[in-house]
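One structure is given here, and the rest of the page talks about it.
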Amino acid sequence: MSTAAVSVPRARAKVRHASLRRSRRWALFASYFFLVMFAIFFLIPPYYMIVTSLKTDAEVAHMATNPWIIANGVTLDQFKILLTQTDFLIYFKNTAIVTVCVVIITMVVSVLAAFSLGRMKFWGSGILATGIFLTYLVPDTLLFIPLFQIVKAIGLLNSYWGMVLVYPTLTVPFCTWIMIGYFQSIPKELDEAALIDGAGHLQMLTKIFIPVALPGIIAATIFAFTVSWAAFVYPMTFLYSSDQQVLTVGTVTSLIRADVYKWGMLMAGALVAAAPPLIIYAFLMDYYIAGLTAGATKG
Amino acid sequence: MAEVALRKIVKRYDDVEAVRSIDLDIPDNEFVVLVGPSGCGKSTTLRMIAGLEEITSGEISIGGEVVNDLPPKDRDIAMVFQNYALYPHMTSFENMAFGLKLRKFPKAEIKQRVEHAARILDITELLERRPKALSGGQRQRVAMGRAIVRNPKVFLFDEPLSNLDAKLRVQMRTEIKRVHQKVKTTTVYVTHDQVEAMTLADRVVVMNNGIIEQIGPPQELYHKPRTRFVAGFIGSPAMNFIPCTLESHGGGMRVRVSDTVALPVPASRVAQYQGAVGRQLTFGLRPEHMTEPKQANGSGNGSDSDFTAILDVVEPMGMETMVYFTIDGTEVCGRVEPNAAGEAGASMRLHANMEHMHLIDPATGLVL
């Protein structure tokens, strides 16, 4: 009797364990399946770009060859020509100058704005914070016409410094919003302790809030970098001479002439242009995720 | 070091009056504990002393200087917060040195002060660790260290032990008392825990509903509460409150708590209660004064103070046993010797030590 009483729960436990193992196996299988599908889907374009950029123009143009493999040998000619015989390096330099300036302006403005809106409660601060986020919701395809008038009026049409002026309209609202969420997640006792320790508001910001909110600041920096590196509509509208052009528009306009597409160089250009954001993401990915999640939960 | 004075302090948030015109004088070196239930205004009062909350009206002075309009950094105070509020990106040393650095102290003096405070708090080996690598108790020590190094006029503690577990709380309580005995700085300490208040304070300030109910040394508050609130708030388990009628009996008085139980008022109190004969009052007696009958307990009228109760609940605590019973529908708690009580449901003879009785006017809440 007692044996039976003991054996029944054991059998039940076994069944439960087996079922748990089976359901876990299915969950893992499904996860791997969809992750592999996802990875393939997103890695096909970069793969195609790499393969095409390493082919000769003749092979790219030859319709009979398999586009997915390099049949006639690897060549770096596309990169060489791109870097030596086109204005690609000028575009790269212009983009780097614009991006660095935009990131600096964005971070200075949005950190200060977020600190005051998130921590220094004053009349209307909540409405202002929401208002700033709402401006982010207006797309650049709507803004570029009025901005054209403004940029023209201040004499910055066809100058990449005009981009330094207009890109922050895209980056500042979102970065401020991320930073407001991040600053609000820091316990209020921390600034009270700093106040009692003798810190003024600027010292509190530089010595306490910026170091503590570093993951959020890095997330915002990456966002600002990506937006200004990849912006297309504004440079397309405001820049028209080659010496002022940036990568996104410059590569396309100089390598596509009427219906002639220089596919090899286009792909090589796209790869080189994608390298800086890729490197930055690779190094700061952990901070980026931590920053976004903290901002999301508290925003 | 300095004395702190609060004069007619009011704090109003829109329509809510959190602190209602309180006056408080804290002499130099004194350890004062503000105690009361949540929302009684004790933390608000502390934060007003710190300068973290503006006062609506009144005057706060520290060391004889009115500080109403001074920012926290110029009040020469140090504060320890409930959640420690340590800077997470700094080591313990840097946390403690931060205030001194901002005040541009020489490096050598900063080092000497931090090391001295670390020795007092026994955290020398933790100075290079970040808060993340410290336990709750260690963090609280570092937070105290941050206050000590400044050598301020006043220490302010805002429920510093509430985040610690029960055992650590007792340890840190002793630690805080030890530190105060060493550094002798005027201290204002806020807690909702009356045991903390009783054990730490030179004087306890009991607050309720934005006002001060009573100020006094712990023993005075315990034995001579002025209001029903203080009588009920101080002491654990809380004082028993039983509706009663005060009646004349022979040459003395009796407190009638039920049809069958009337307890004699000690002769020493008769004159005090003379005007209240015949009135409906509230009889208050602490559980430790509701015990099993003893031969020589010095309670005055001997067996007249004894009565029989049917026990509802019996809680053995080891060194004593708590017994719960009802008198005319009111639950009453008694504290008896470990083996004195029977089982729940049994009857037990109990003795009310009337020397410690209180009579409260139910209309005003004042102890007569």
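Protein chains in written order, with our numbering: chain A, 1 to 299; chain B, 1001 to 1368. The C-beta atom is built at its ideal place from N, Cα and C for all residues, glycine as well. All values reported here derive from a predicted model rather than from experimental measurement.
Residues that DSSP places opposite proline 1293/B in a beta bridge: None, per the DSSP bridge assignment.
Can you list, in chain order, the stretches of the alpha helix (DSSP H) that have 4 or more residues and sit fully within the segment 197-231 of chain A? You should have 214-230.
At a Cβ threshold of 9 Å, is isoleucine 180/A touching chain B? No, no contact with chain B.
Looking at isoleucine 1176/B: is its Cβ nearer than 9 Å to the Cβ of methionine 1198/B? The answer is no: Cβ separation not under 9 Å.
Where does lysine 1042/B sit, in a helix, a strand or coil, going by DSSP? Of the three classes helix, strand and coil, the one that applies to lysine 1042/B here is helix, per DSSP.
How close, in whole Å, do the beta carbons of valine 1114/B and methionine 1096/B come, if the pair is a contact with beta carbons under 8 Å? Their Cβ separation, rounded to whole angstroms, is 5 Å, which keeps valine 1114/B and methionine 1096/B in contact under 8 Å.
Residue environment, threonine 1364/B, which counts as buried when at least 16 other CB atoms sit within 10 Å: Exposed, since its Cβ has fewer than 16 Cβ neighbours within 10 Å.
Go through its chain and collect everything with a Cβ distance to alanine 71/A's Cβ below 7 Å, but skip five positions before and after it. Answer for alanine 71/A: Glu59, Thr65, listed in chain order.
Sort Pro1362/B, Gly1137/B, Asp1074/B by Cα distance to alanine 1276/B and report the nearest one. With distances taken between CA atoms, alanine 1276/B lies nearest to Pro1362/B out of Pro1362/B, Gly1137/B, Asp1074/B.
Just checking my contact of glycine 1251/B with proline 1264/B at CB under 8 Å: how many whole Å lie between their CB atoms? That pair is no contact at about 11 Å.
Using the beta-carbon count (16 or more within 10 Å), is methionine 1319/B buried or exposed? Burial check for methionine 1319/B: the Cβ neighbour count within 10 Å stays below 16, so the residue is exposed.
Just reading off the beta strand (DSSP E) that glycine 131/A is part of, what are its end residues? Note, glycine 131/A: premise wrong, no beta strand (DSSP E); alpha helix (DSSP H) at 125-136.
Considering just the uninterrupted stretch of the beta strand (DSSP E) at lysine 1224/B, what are its terminal residues? It is not in any beta strand (DSSP E) - lysine 1224/B carries neither H nor E in the DSSP assignment.
Environment of aspartate 191/A [buried if 16+ CB atoms lie within 10 Å]: Counting the other Cβ atoms within 10 Å of the Cβ of aspartate 191/A gives 16 or more, which makes it buried.
Residue-chain proximity (histidine 1089/B, chain A), Cβ-Cβ < 9 Å: Nearest CB-CB separation between histidine 1089/B and chain A: below the 9 Å threshold.
Is any beta-carbon of chain B found at less than 9 Å from that of glutamine 203/A? In terms of beta-carbon proximity, glutamine 203/A lines the interface with chain B, with at least one pair separated by less than 9 Å.
Per-residue contacts from asparagine 1208/B into chain A (C-beta, under 8 Å): By Cβ distance, chain A contributes nothing, its closest Cβ being about 25 Å from asparagine 1208/B, past 8 Å.
Backbone secondary structure at isoleucine 280/A - three-state DSSP: Here isoleucine 280/A sits in helix by DSSP.
For a contact defined as C-beta to C-beta under 8 Å, what are the partners of asparagine 1083/B on chain A? In chain order: Pro187, Glu189.
By a C-beta neighbour count over all protein chains shown, 10 Å radius and 16 as the cutoff for buried, is arginine 21/A buried or exposed? Arginine 21/A should be labelled exposed.
Contact check, proline 1237/B vs cysteine 1333/B, beta carbons under 9 Å: Cysteine 1333/B sits close to proline 1237/B, with the two beta carbons spaced by under 9 Å.
Look at leucine 1121/B and arginine 1141/B and say whether their C-beta atoms are less than 9 Å apart. Cβ atoms of leucine 1121/B and arginine 1141/B: closer than 9 Å.
Rounded separation between glycine 250/A and alanine 230/A - CA only: Going from the Cα of glycine 250/A to the Cα of alanine 230/A covers about 12 Å.
Taking the C-alpha atoms as reference points, what is the distance between glycine 1298/B and glutamine 1171/B? Annotation note: pLDDT 46 at glycine 1298/B (below 50); position unreliable, coordinate value reported separately. If I take the Cα positions, the gap works out to 37 Å.
Mapping DSSP to helix, strand and coil, what is phenylalanine 1081/B? If DSSP states are grouped into helix, strand and coil, phenylalanine 1081/B belongs with coil.
Going by the CB atoms, is the gap between threonine 1045/B and leucine 1006/B shorter than 9 Å? Leucine 1006/B is a Cβ neighbour of threonine 1045/B, given a cutoff of 9 Å.
Are tyrosine 1087/B and isoleucine 210/A touching if we call contact CB-CB under 9 Å? Not in contact: tyrosine 1087/B and isoleucine 210/A (Cβ atoms no closer than 9 Å).
Exposed or buried, what is leucine 1311/B when buried is set at 16 or more other beta-carbons lying within 10 Å of its beta-carbon? So leucine 1311/B ends up on the buried side.
Any beta carbon from chain B within less than 9 Å of alanine 294/A's own beta carbon? Reliability fails at alanine 294/A, whose pLDDT of 48 lies under 50, so the model's placement of it is uncertain and no value is given.
Buried or exposed by the 16-neighbour rule on C-beta atoms within 10 Å, applied to serine 1347/B: Under this definition serine 1347/B is an exposed residue.
Taking isoleucine 196/A as the query, report the chain B residues whose CB atoms sit under 7 Å from its CB, ordered along the chain. Ala1050, Pro1072, Lys1073, Ile1077, Ala1078, Met1079, listed in chain order.
Going by beta-carbon coordinates alone, are valine 1032/B and tyrosine 1189/B separated by less than 9 Å? Result yes, Cβ atoms of valine 1032/B and tyrosine 1189/B sit closer than 9 Å.
Buried or exposed, going by whether 16 or more other CB atoms sit within 10 Å of the CB of valine 164/A? Valine 164/A is buried by the Cβ-count criterion.
Any idea what DSSP makes of isoleucine 150/A, helix, strand or coil? Correct three-state label for isoleucine 150/A: helix.
Span of the alpha helix (DSSP H) holding histidine 1116/B? Run containing histidine 1116/B: 1107-1121, per the alpha helix (DSSP H) assignment.
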